[in-house]
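No gaps in the numbering here: position 22 of the sequence shown is 22 in UniProt numbering, and each next residue is one more.
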Amino acid sequence: MGEPSIEITELYQEDIIIASDIMSRAFLKSLSGLYYICNVDRDGFEDRLKKYFQIANRVHIAEGQSILGIYIQNRLIGVAAINEPLYQRTALMKLYFLTRILAATNVQTACRYLKYTHLVSQSLPKKPYFYLGRIAIEPKFQRLGHGKALLNKIQQISQSDKKSTGVILETANPQNVKYYHSLGYKTICQIDTPMVKETIMVRHNSSNESTYQQHNFE
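Here's what the structure looks like:
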């Protein structure tokens with residue numbers, strides 16, 4: 001029997017529900033800033049998490065940004081949302097996103113989202129890079145190399161874009177930091193949020209190895 005067929009392709013609005021479900025299942029037990037945003041200590045956390053991903057992914061595609069999906073034998077098992085270099089969300093879209101979060105969850109979640117994203121955005125380098133905002137693999141398909149395949153695909157996209165100097169991501173999970181280091185990512189800085197410590201990392205394009213310097217925010 002041959003190896004199962006694997007395909008990485010761009011997703012569209014009709015794929016949002018299943019993509020968001022995969023993200024919510026993957027993030028449910030994985031330490032992240034979403035624990036703070038969606039308030040893990042209150043009932044209904046899983047529902048708030050799922051609604052957050054649905055809204056975030058719909059807005060992401062509506063703005064012309066890409067969500068990649070990895071399929072095994074035509075089954076979607078992993079997703080990654082990336083922003084192009086120099087991308088800036090418009091004021092109107094920021095307001096739309098915030099009102100959607102507010103309508104789907106509560107005032108506390110919306111306020112936490114604003115505080116968290118402000119902390120992270122202030123620490124991101126100003127150089128042009130692809131920003132990997134979300135990546136998730138269906139739990140039963142984790143540790144099989146599918147996350148690595150998605151990350152390598154994103155790096156290939158970055159390498160082929162003349163505007164890009166590399167790929168930036170963030171994580172609050174120490175195990176993920178080790179994993180990303182093994183794939184060539186380097187730590188830029190760490191920032192304290194009210195609940196977790198976020199590590200911001202970069203994987204440079206081959207011609208931009210010395211673009212950034214590491215610094216810490218305490």
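Positions of the beta carbon are idealized from the N, C-alpha and C atoms, including for glycine.
The model shown is predicted, which means the values in this text are computed figures rather than measured ones.
Quiz item: Any chance the CB of GLY133 is under 7 angstroms from a heavy atom of the ligand PLP?
Solution: Ligands displayed in this structure: none; no statement on the ligand PLP is therefore possible.
Quiz item: For ASP15, which of helix, strand or coil comes out of DSSP?
Solution: Counting from one through the sequence shown, the residue named residue 15 turns up at place 15. Judged by DSSP in its simplified three-state form, ASP15 adopts helix.
Self-check item: ALA81 versus HIS146: straight-line alpha-carbon distance, rounded
Solution: Here the question's residue 81 lines up with position 81 in the sequence shown. Here the question's residue 146 lines up with position 146 in the sequence shown. Cα-Cα distance, rounded: 15 angstroms.
Quiz prompt | Whole-Å CB distance - TYR185 paired with VAL202, under 8 angstroms assumed | solution = Against the sequence shown, residue 185 aligns to sequence position 185. Against the sequence shown, residue 202 aligns to sequence position 202. Cβ-Cβ separation between TYR185 and VAL202: approximately 6 angstroms, consistent with a contact (criterion under 8 angstroms).
Quiz item: Does the beta-carbon of THR9 have 16 or more other beta-carbons within 10 angstroms, so that it is buried, or is it exposed?
Solution: On the sequence shown, residue 9 is found 9 positions in, with the first residue counted as 1. Classification of THR9: exposed, given that the 10 Å Cβ count is below 16.
Practice problem: Helix, strand or coil for ASP161, going by three-state DSSP, please let me know. | Solution: Position 161 of the sequence shown, counted from the start, is the residue given in the question as residue 161. Residue state, collapsed to three classes: coil.
Practice problem: Determine, using beta carbons only, whether ILE70 and ALA172 come nearer to each other than 8 angstroms. | Solution: Your numbering for residue 70 matches position 70 in the sequence shown. Your numbering for residue 172 matches position 172 in the sequence shown. Not closer than 8 angstroms, so no.
Practice problem: Specify the secondary structure class of TYR131 as computed by DSSP and reduced to three states. | Solution: By 1-based counting over the sequence shown, the position of residue 131 is 131. Here TYR131 sits in strand by DSSP.
Practice problem: Mind listing, in chain order, the continuous alpha helix (DSSP H) runs of no fewer than 4 residues lying wholly within the segment 62-111? | Solution: The segment 62-111 contains, as complete alpha helix (DSSP H) runs of 4+ residues, the segments 91-104 (chain order).
Quiz item: Would ASN216 be called buried (16 or more neighbouring beta carbons within 10 Å of its own) or exposed?
Solution: Translated into positions along the sequence shown, residue 216 becomes position 216. Note that ASN216 scores a pLDDT of 36, beneath 50, so its modelled location is shaky and nothing firm can be said.
Quiz item: Who are the near neighbours of PRO4 in its chain, counting only those whose CB is closer than 6 angstroms to its CB and skipping five residues on each side?
Solution: In the sequence shown, the residue the question calls residue 4 occupies position 4. Closer than 6 angstroms at Cβ, skipping near neighbours: ILE72 and GLN73.
Exercise. In the DSSP assignment, find the unbroken alpha helix (DSSP H) run with LYS178 in it and report its ends.
Key: Your numbering for residue 178 matches position 178 in the sequence shown. LYS178: member of the alpha helix (DSSP H) spanning 174-182, first to last residue.
Self-check item: LYS127 versus VAL196, PHE45, ILE168 and GLN54, residue with shortest Cα-Cα distance
Solution: Locating residue 127 in the sequence shown gives position 127, counting from the first residue. Here the closest residue by C-alpha is ILE168.
Self-check item: GLU209, buried or exposed, once every other Cβ within 10 Å from all chains shown has been counted against 16
Solution: Indexing the sequence shown from 1 puts residue 209 at position 209. At GLU209 the pLDDT is 49, less than 50, meaning the model places this residue with poor confidence and gives no usable figure here.
Quiz prompt | Between the CA atoms of ARG89 and ASN83 - distance to the nearest angstrom | solution = Residue 83 sits at position 83 when you count from the first residue of the sequence shown. Residue 89 sits at position 89 when you count from the first residue of the sequence shown. Their backbone Cα atoms lie some 10 angstroms apart in a straight line.
Exercise. Would you identify the three-state DSSP class for VAL120, choosing helix, strand or coil?
Key: Indexing the sequence shown from 1 puts residue 120 at position 120. DSSP places VAL120 in helix when its eight states are reduced to three.
Quiz item: Near LEU86, what residues of its chain come up, given a Cβ to Cβ distance below 6 angstroms and the 5 sequence neighbours on each side ignored?
Solution: For the purposes of this step, residue 86 is taken as residue 86 along the sequence shown, with counting starting at 1. Excluding sequence neighbours, LEU86 sits near PRO128.
Exercise. Measure the Cβ-Cβ separation of ILE67 and ALA26 and say whether it is below 8 angstroms.
Key: Taking the first residue of the sequence shown as position 1, residue 67 is located at position 67. Taking the first residue of the sequence shown as position 1, residue 26 is located at position 26. Contact: no.
Quiz item: To which residues does DSSP link ALA136 through a beta bridge?
Solution: Along the sequence shown, read from residue 1 onward, the residue named residue 136 stands at position 136. ALA136 is bridged to VAL79.
Quiz item: ALA103: buried (16+ other C-beta within 10 angstroms of its C-beta) or exposed?
Solution: Numbered from 1 along the sequence shown, position 103 holds the residue referred to as residue 103. Around the beta carbon of ALA103, fewer than 16 other beta carbons sit within 10 angstroms, so the residue counts as exposed.
Practice problem: Output the distance between the C-alpha atoms of CYS111 and ILE37, rounded to the nearest integer angstrom. | Solution: As a position in the sequence shown, residue 111 is number 111, starting the count at 1. As a position in the sequence shown, residue 37 is number 37, starting the count at 1. The C-alpha of ILE37 is placed about 8 angstroms away from the C-alpha of CYS111.
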